[in-house]
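Comments concern the structure below.
Residue numbers (our numbering): 521 to 1708.
Structure, rendered in structure tokens:
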């Protein structure tokens, strides 16, 4: 029941927890005071013969102390909740910071301990789950022990036996909780594990949704997500059933214990062993003995989620960090490698590598992709600390160097460098925080990207998560500029220009060469022509350094290097023979003067995607609830059953003290409603026994409805994402989407399980209570109706209006937190490289503060609502009592009937209170509902066609196609049309493009980075609709072809091959789910992948790390190519298919591609390599949005 380690993590929360306990205790004392005053007044009537009129006067005279008690109680309730909220926020802030800092300390290797999706959910939602533990559960734990002791001390003098009996029953509740805890940890862990697995699978799917759509595998993945969602629903139901059994036992103890105390009290009153005042206090304070423990039990079940998440947190926090030394490294000496080895699991990728790299030299690492080049580069850069052997820089072993000095000494520029969401200035300043704008622009100019930046907003241009709104070449050049700003003694460039056009690569190559002398420069290269002037070339072959020397020495040796050089030379010769090489070089403009870059337009498109409700009016609460209610219709029978059970259960709970009041009157010989003492006691006991099972049944039905619908909503959401991808999801934070499909949808449980039936139950109970009171006195029934209306209608509406858009801001803030953490984890390598961990942690803390401030406003209004509701109930009770006594004094009703009516009314607010809280507590749920509905209602940029025509592939064409990412299908109303048209015209990426791709031909599209080459491929895939003109397939407008038919004829390999968590086999089967092993191996041979498969410890069944990080860039690329070969579509689109391949593999792959063409396939490829373009029959150059 108490997690010591968790409590010790947040010492700042302790004062707030103690303050919450104190205020809860003061509120209890205020309530006791009110009841004590009423007991004295009513006791005067019963035992002292005080007339009802004098009793009214006495009540009036006590108005001031009663008002003071009510005010004190209301204020204490508010302050108790606010103190708990403060404790919760301190816990969230502290734990989130600890987990994030730990993940940052682990670096990119955190994925070996915890998947990224789990890391994000643990950091964001896992920390949020602790709010209930610190803000509700812990204060209630202490108060639940204090409250019954306080009541016992106050009552034992007047009613010793009943008070002792009630106190003796209280420990049964914690005992039942302890019994539950035997299985709670296991079931809670299963629940949280299933929840994390669902989030992880969803993140995998969203990240690779473009790949899945290309191969029409999104439907099967959708089914997998539905299956995982069903497993999560089953795990949730197991947890729920366990909780409900415990709650049923607690309800039995609470209400049967209260009934037992009431029965004993009534019997003792009848025999004269206690007075009326004592009996009154026992009857109407009996539940106060148990309710704190009952509330603790409910909070325990909710806090279990936080405790389950905390165990995952402890797993992360207990992960050993890479060992770091304490020696400062300046990086000015030679780099010495001695017997260096490295393995990914059972797969050895580097084996006893030894070499010396002289300080100030330019050294190239070359070899076939997968030979260990990137791994060796990562070791030298300090990214892979689990190496064997020795790596020394200036005589200092890397293991002995401090992490900070190593990162200052060595800068790694990887092939897939990461850019954080924010401005370009922010990304660059990460490397050199003190740099001026002039210095930033100078670095951009050196990497030939300054002109593009200036044309697209300058240093303040927006960068999306991962730089997805830039082309591959632009992203690499920005990362290169950031590295130059770092100015470290050693630079390691790992294929850092693989996606850059040839002319820009040559210019950047000169910059890299100029670094040598003052810096040690290590270059991983596949284009051997770029490293012929290197001081030393290390040739890696199957993890070993097979050769080393200068270009001339290695050629003379006629070994592995010579084979690669000759292969590349033959490809180049073939290119010149085809007459394309000069054209390829000619189209690569260096000045970058045009503004038609993917960056600006990608930003525009992603902005729309990231805010799907932009331009749409905010949804009203009734419209959200109406839409959500529509999903309940298939489960209406379960809802009716829930309402029936809940109504009867709520009535039994209310009638326990009501029958107690009847019993007191019967004990005094004043039978009311014709019920005697024994009958009243029997009815009280029956209600106490029935409450637990009825509540169990109601909650089981409610949650069955809720969890069925949540699974259905996840199905709808992923279906919507399939329709929106990829165009409408570009630039939208993946972490934010994970937050939507997990925590946002989970919050809808509040609506389906705790809103619909409680409102209906409140209506049913109100009718019953009104009918009862109407039979006693229409006037009293009228007072009750006003009270119910104020509490059940006016108060929630007022609270909802006071909350305004706070709920939406809170949910959007949670989404931003998820996006920020995912962005930070994906860029963990860059954060460590540039010592940005502290700044990112500080930024996370600031964002947590901002979201916390919004949550605090919402919780403050919830606390006000709770306090006001409690005060209104007490005031209504006093008004009802005063008017009832006046009616007794007037002879309208007798005292016994008035007494029973009043205290039935006093106990009748349970159902209405549940509704009164909804005004504030439902705001986040409605905001989550709005976010889900916004996504479901979002229109795809390019709608899928199901009622068009099927075609057989007979060529494709673009006819007078113009395209801009600005504008789109939801550009605005009529008044915005002219502005949108102007913006679109000014930002055209493609302008009146016409080209034809005949069957059995290969066409190469060339142009500088960001000129629109990849955009044309996306248009051919119908991922986007052209702004003007048409894309045709087999002579038919693509917009009139069934999407399934279109996809069956197309295969598309993107620049960045996405690999899913799983085995190599599973990643290949994405392209052809029913492929045989023979077909898989044949595709691998065509993609020059066979040697890799043979080296893998489990062959095709070898797992790949998250995002394929255990494979080299070239290996990942060849898996992407193998998918193309396996899919065997007639129309093949290849975007930079050989950018990460060495010459030997490039030759083998392109020969296989050429063979596809000879078999009648139509191939369109984008490449910066002349040797690759040489295989094409036709070459097109994209320049300023036009083709030549």
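Ideal Cβ positions, reconstructed from N, Cα and C, are used throughout, including at glycine.
It is roughly 28 Å from the alpha-carbon of residue 785 to the alpha-carbon of residue 1406. Between residue 1475 and residue 1561, the beta carbon gap of about 13 Å keeps them out of contact (Cβ cut-off 8 Å). For the pair residue 1197 and residue 1420, the CB atoms are not nearer than the 8 Å cut-off. Three or more Cβ pairs closer than 8 Å define a contact, and the region 1239-1255 falls short of that threshold against the region 1200-1208. DSSP places residue 669 in the uninterrupted alpha helix (DSSP H) bounded by 658-675.
Counted as a single uninterrupted DSSP element, the beta strand (DSSP E) harbouring residue 1522 occupies residues 1522-1526. Taking residue 1429 as the centre and dropping the five residues before and after it, the same chain places the C-beta of 1393 closer than 6 Å to its C-beta, in chain order. 1302 is the residue among 1460, 1434, 1302, 1361 whose C-alpha sits nearest the C-alpha of residue 1399. The bridge partners DSSP lists for residue 531 come to none. Under the three-state reduction of DSSP output, residue 735 falls in the coil class, being neither helix nor strand. Look at residue 1040 here: in three-state DSSP terms it is strand. In the three-state scheme derived from DSSP, where H, G and I count as helix and E and B as strand, residue 1515 is classed as strand.
Contact check between the region 871-883 and the region 944-963: fewer than three CB pairs, one atom from each, fall below 8 Å, which does not count as touching.
Residue 718 carries a helical assignment under DSSP once its states are collapsed to helix, strand and coil. Setting aside the 5 residues that flank it on each side, residue 829 is surrounded in the same chain by 646, 649, 712, each with a C-beta closer than 6 Å to its C-beta; the list follows chain order. Excluding sequence positions up to five before and after residue 844, its CB lies within less than 7 Å of the CB of 922, 923, all in the same chain and listed in chain order.
Going by C-alpha positions, residue 795 is about 15 Å away from residue 781. Remark: C-beta atoms of residue 1549 and residue 1480 approach each other more closely than 8 Å. In the DSSP assignment, residue 1332 falls outside any beta strand (DSSP E) and lies within the alpha helix (DSSP H) extending over 1326-1346. Ranked by Cα distance from residue 1272, the first of 1224, 1316, 1248, 1282 is 1224. In the three-state reduction of the DSSP assignment, residue 1651 falls in the strand class, which pools E and B. Beta-bridge partners assigned by DSSP to residue 1701: 1526.
With fewer than 16 other beta carbons inside 10 angstroms of its own, residue 1598 counts as exposed. Inclusion of residue 1457 and residue 1706 in the CB contact set at 8 Å is not warranted, their separation being larger than that value. One alpha carbon belongs to residue 927, the other to residue 1554, and they sit about 55 Å apart. The alpha-carbon of residue 1172 is positioned some 26 Å away from that of residue 660.
In the DSSP assignment, the residues bridged to residue 1582 are 1624.
Secondary structure of residue 1483 (DSSP, three-state): strand. In this structure residue 1686 does not touch residue 1661 by the C-beta definition: roughly 15 Å separates them, more than the 8 Å allowed. Considering only 1691, 1642, 1651, the residue with the shortest C-alpha distance to residue 1663 is 1691. Residue 993 sits close to residue 1019, with the two beta carbons spaced by under 8 Å. Excluding the 5 residues flanking it on each side, residue 973 has same chain C-beta neighbours closer than 6 Å at 964, in chain order. The continuous beta strand (DSSP E) containing residue 1013 extends over residues 1010-1014. If you compare the alpha carbons of 1086, 1022, 1054, 1016 with that of residue 1033, the shortest gap goes to 1054. Counting only runs of 3+ residues, the beta strand (DSSP E) found wholly inside the region 924-968 occupies 930-933, in chain order. Residue range 1056-1061 is occupied by the beta strand (DSSP E) that includes residue 1059.
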